[in-house]
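Take a look at the structure set out below.
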Amino acid sequence: MLARLGIFVASLLAASLVIFVITQALPGDVAAAILGFGATPEQLAAKRAELGTDRPFLIQYADWIGGVLHGDFGRSWYSDIPVATLIAPRLEVTSSLVLLGLALALVIALPLGAVAALERRQWQGFTTSALAQFGMAIPAFWAGILLVFVFAVTLRWFPANGYSPLARGLGPWASHLVLPVVALGAVQGAVLIRYVRSAFLEVLGEDYYRTARSIGWTRWRALARHGVRNAALSLVTVLGLQLATVIVGAIVIERVFVLPGLGSLLLDMVGRHDLIVVRGVVLLLVFVVLLINAAVDISYALIDPRLRTSGRA
Amino acid sequence: MKRAELWVGGALVATVVAMALLSFVWTPFDPTAVGSGTRLAAPGWPHLLGTDHMGIDTFSRILAGARSALYVGIIAVGIAALVGVPLGLATAWLPRWASEIVMRGIDVAYAFPALLLAILLAGVFGGSTETAMIAIGVATIPAFIRVTRAGALSVLSADYVLAARASGTPVPAIAARHVLPNVAHLIGVQASVSFAMAILAEAALSYLGLGTPPTVPSWGRMLGDAQTYLVSHPLQAVWPGLAIAAAVLGFNMVGDGLRDFLDPKLREVA
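Protein sequence lines, in the order shown, are assigned to chains R and D.
Residues 7 to 319, numbered by the numbering used here, are exactly what the first sequence covers, in order.
Residues 343 to 612, numbered by the numbering used here, are exactly what the second sequence covers, in order.
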């Protein structure tokens with residue numbers, strides 16, 4: 007457990023260094039970019055001192071990371087608003103989208119993956135696998151655009167864009183999230199079906215499954231009782247790995263549905279080259295991915311006690 | 343059945359390649375000439391799929407868009423394979439502690455998917471086809487390292503490799519003569535699947551305005567433009583999406599088909 011935490015911290019430091027190096031590689035002078043052409047050398051020097059960009063690279067990095075550890079991500083180069091203040095109200099939007107998207111993906115993938123495994127030589131299994139193949143090829147943002155046309159523009163069942171905070175009521179919150187979550191979760195579900203299928207196929211070859219079948223259990227009962235728990239290990243791994251994809255998918259989906267989440271903030275600030283905000287948002291997203299993957303590793307031991315001493319395979 | 347997958351996928355890929363090649367020598371209309379037709383014309387004759395908001399023929403733009411998709415895919419997968427395969431081979435020979443460090447590095451790299459890396463680079467250097475290709479390529483390197491390393495490790499214990507080692511063949515020669523040919527099929531499968539992912543990533547980046555510039559036809563950007571006119575001209579948002587889906591489906595099916603065709607043992611692995 008301690009070793010895993012050490013790896014997590016080391017990974018996070020490595021990732022933060024990568025982000026810092028990339029955002030530090032800005033061609034030209036940040037101060038000049040902010041102040042424009044008319045700035046005098048004195049103004050430029052003052053701005054550089056204010057931003058801290060006149061100091062050595064490692065000092066700047068240490069300063070930034072030290073601030074982050076205290077919840078201080080710096081201040082926006084353009085609006086001077088603290089980055090943390092910009093991020094905070096957007097967390098609810100993005101986390102709602104990502105969590106509901108993942109949940110929908112699982113709701114789709116678990117039963118369909120089971121069908122694809124159990125009926126793999128029947129038309130049901132073939133159809134499910136084909137469906138997954140088609141679903142994987144559809145860009146989530148295209149699915150989003152088509153959903154908007156059908157369910158917002160034509161049928162007028164749901165709003166085409168925007169967000170209503172949970173504090174203003176469950177109904178408006180849910181109705182604004184239905185289409186984005188379906189666009190994100192359905193495509194992700196298609197990707198997951200294949201992993202669920204292969205995880206269940208492994209279970210079908212195990213002795214305990216055959217024993218359960220031989221005492222008269224139906225295939226579905228045997229799979230539900232033994233399959234889900236035994237397949238959980240590989241599924242949790244896949245979910246951890248897929249999280250990064252879902253988060254990135256959410257960035258694009260936020261743009262499709264004009265949701266005021268972290269993705270929209272990131273894209274707006276990329277457009278303005280406000281790299282201190284970009285740096286903060288990317289670090290936060292990467293932190294979440296690494297944290298969940300560390301949690302996945304630790305959860306192995308909880309799911310499967312055999313792995314407690316031998317570590318990760 | 344599995345062979346059918348390879349054939350259908352191959353046919354889709356061939357269609358996309360043919361579209362791209364054809365667009366070099368012929369398109370019904372100029373895919374970049376603004377105002378060459380009526381704005382937002384409905385599908386019909388002479389504009390088979392209609393025209394966009396700038397009056398450009400949509401069919402011509404779809405044909406030329408195949409070039410952007412394949413161009414980004416080829417360069418991105420090329421970068422990933424050229425860096426990832428030698429690194430994957432090299433790490434198979436590393437001592438356990440060193441390869442553990444490399445694998446942890448790869449875990450960190452997985453936290454930077456292609457799109458996130460491309461968005462980060464676009465923030466610094468501005469969005470362009472080149473930034474998109476490099477970001478997608480770099481983000482795909484870990485997948486090639488993993489696949490090559492896993493394949494190489496299983497080959498390294500084979501008798502013919504042991505024999506070559508015992509006879510004093512240098513390590514690079516073993517890697518090139520014995521290991522690489524035996525992991526080539528794994529790399530081929532990975533290349534096909536990565537190609538599909540590169541097309542998806544390029545489309546998303548161009549949709550966000552961070553990839554291919556507006557003057558160059560690109561399916562992702564066409565979708566972004568079409569969204570503005572979704573209420574009045576929904577079909578304009580259908581064609582580019584279908585093109586992306588067909589191309590991605592093709593490369594994914596070729597990858598799956600190749601995997602099963604070349605190695606039946608992997609048939610049930612996702």
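Glycine included, each C-beta is placed from N, C-alpha and C at the ideal position.
Just so it is clear, the structure is predicted and the values come from calculations on it, not from any experiment.
May I have the straight-line CA-CA distance separating Val535 (chain D) from Gly379 (chain D), to the nearest angstrom? What you label residue 535 (chain D) is simply residue 193 of the second sequence in a count that begins at 1. What you label residue 379 (chain D) is simply residue 37 of the second sequence in a count that begins at 1. Taking the straight line from one Cα to the other gives about 38 angstroms.
Which residues does DSSP list as the beta-bridge partners of Asp399 (chain D)? Here residue 399 (chain D) refers to the residue found at position 57 when the second sequence is read from its first residue. The partner list for Asp399 (chain D) (beta bridge, DSSP) reads D:Thr393.
Mind checking if Arg438 (chain D) is an interface residue toward chain R, Cβ cutoff 8 angstroms exclusive? As a working mapping, residue 438 (chain D) is identified with position 96 in the second sequence. No, Arg438 (chain D) lies away from the interface with chain R (no Cβ there is under 8 angstroms from its Cβ).
What does Ala139 (chain R) reach in chain D if we use C-beta pairs closer than 9 angstroms? The residue given as residue 139 (chain R) occupies position 133 in the first sequence. As written in the sequence, residue 139 (chain R) is Gln, which differs from the Ala given in the question. Simply Glu347, Leu591, Asn594, Met595 and Asp598.
Euclidean distance between Cα positions of Ala301 (chain R) and Ala237 (chain R): If you number the first sequence from 1, residue 301 (chain R) lands on position 295. If you number the first sequence from 1, residue 237 (chain R) lands on position 231. About 18 angstroms.
Identify each residue in the stretch 559-592 of chain D for which the Cβ-Cβ distance to at least one residue of chain R is less than 7 angstroms, and report them in chain order. Leu565, Gln569, Leu572, Val573, Pro576, Ala579, Gly583, Ile586, Ala587, Val590 and Leu591
Start and end residues, alpha helix (DSSP H) containing Gly599 (chain D): Walking along the second sequence from the start, residue 599 (chain D) turns up at place 257. Run containing Gly599 (chain D): Trp581 to Leu604, per the alpha helix (DSSP H) assignment.
By the 10 Å Cβ neighbour count, where 16 or more other Cβ atoms means buried, how is Thr91 (chain R) classified, buried or exposed? Position 85 of the first sequence, counting from 1, holds the residue named residue 91 (chain R). Exposed, by the Cβ-count rule.
Which residues mark the beginning and the end of the alpha helix (DSSP H) in which Pro186 (chain R) is found? Position 180 of the first sequence holds residue 186 (chain R). Per DSSP, Pro186 (chain R) belongs to the alpha helix (DSSP H) from Leu176 to Leu210.
Got a sec: which bits of the stretch 453-474 of chain D sit with their beta carbon under 9 angstroms from any beta carbon on chain R, in order along the chain? Ala453, Phe454, Pro455, Ala456, Leu457, Leu458, Leu459, Ile461, Leu462, Leu463, Ala464, Gly465, Val466, Phe467, Gly468 and Gly469
Give the interface partners of Leu142 (chain R) over in chain D, defined as CB-CB distance under 7 angstroms, in chain order. For the purposes of this step, residue 142 (chain R) is taken as the residue at position 136 of the first sequence. According to the sequence as given, residue 142 (chain R) is Met; it is not Leu. Per Cβ cutoff of 7 angstroms: Asn594.
Among D:Leu552, D:Pro514 and D:Ala500, whose alpha-carbon lies nearest the alpha-carbon of Ala474 (chain D)? Stepping through the second sequence from its first residue, residue 474 (chain D) is reached at position 132. The shortest C-alpha separation from Ala474 (chain D) is found at D:Leu552.
Counting only the same chain and skipping the five closest in sequence on each side, list residues whose C-beta sits under 7 angstroms from that of Leu591 (chain D). Start at 1 with the first residue of the second sequence, and residue 591 (chain D) comes out as number 249. Excluding positions up to five away in sequence, the list reads Leu354.
For Thr490 (chain D), the nearest candidate out of D:Trp368, D:Ala362 and D:Leu429 (CA to CA): Taking the second sequence and counting its residues from 1, the one referred to as residue 490 (chain D) is at position 148. Minimum Cα distance to Thr490 (chain D) is reached at D:Leu429.
In three-state DSSP terms, what is Pro88 (chain R)? Translated into positions along the first sequence, residue 88 (chain R) becomes position 82. Here Pro88 (chain R) sits in strand by DSSP.
Note down, in chain order, all residues in the stretch 22-35 of chain R with a beta-carbon under 8 angstroms from any beta-carbon belonging to chain D. Val24, Ile25, Ile28, Thr29, Ala31, Leu32 and Pro33
So is Arg644 (chain D) in contact with chain R if we call contact Cβ pairs under 8 angstroms? Residue coverage of chain D in this structure runs from 343 to 612, which leaves residue 644 (chain D) outside it and unanswerable.
On the CB-based measure, 16 or more other CB atoms within 10 Å of its CB, does Trp561 (chain D) come out buried or exposed? Position 219 of the second sequence holds residue 561 (chain D). Answer is buried; the Cβ neighbour count reaches 16.
Note down, in chain order, each residue of its chain lying with its Cβ closer than 6 angstroms to the Cβ of Ala123 (chain R), except the 5 sequence neighbours on either side. Position 117 of the first sequence, counted from the first residue, corresponds to residue 123 (chain R). Answer for Ala123 (chain R): Arg203, Phe206 and Leu207, listed in chain order.
Where Ile151 (chain R) meets chain D, residues with beta-carbon distance less than 8 angstroms: Numbered from its first residue, the first sequence carries residue 151 (chain R) at position 145. The contacting residues are Leu565, Ala568, Gln569, Leu572, Ala579 and Gly583.
Which of helix, strand or coil DSSP assigns to Arg235 (chain R): Start at 1 with the first residue of the first sequence, and residue 235 (chain R) comes out as number 229. Correct three-state label for Arg235 (chain R): helix.
How should Leu459 (chain D) be labelled, buried or exposed, when 16 other C-beta atoms within 10 angstroms of its C-beta is the threshold for buried? As a first step, residue 459 (chain D) is located in the second sequence; it is residue number 117 there, counting from the start. So Leu459 (chain D) counts as buried.
Own chain residues within Cβ distance below 7 angstroms of Pro455 (chain D), not counting five before or after: Position 113 of the second sequence, counting from 1, holds the residue named residue 455 (chain D). Within the same chain, Pro455 (chain D) has close Cβ partners Ala481.
Per DSSP, which residues does Arg81 (chain R) bridge with? Please list them. Position 75 of the first sequence holds residue 81 (chain R). In the DSSP output, where bridge partners are listed per residue, Arg81 (chain R) has R:Pro88.
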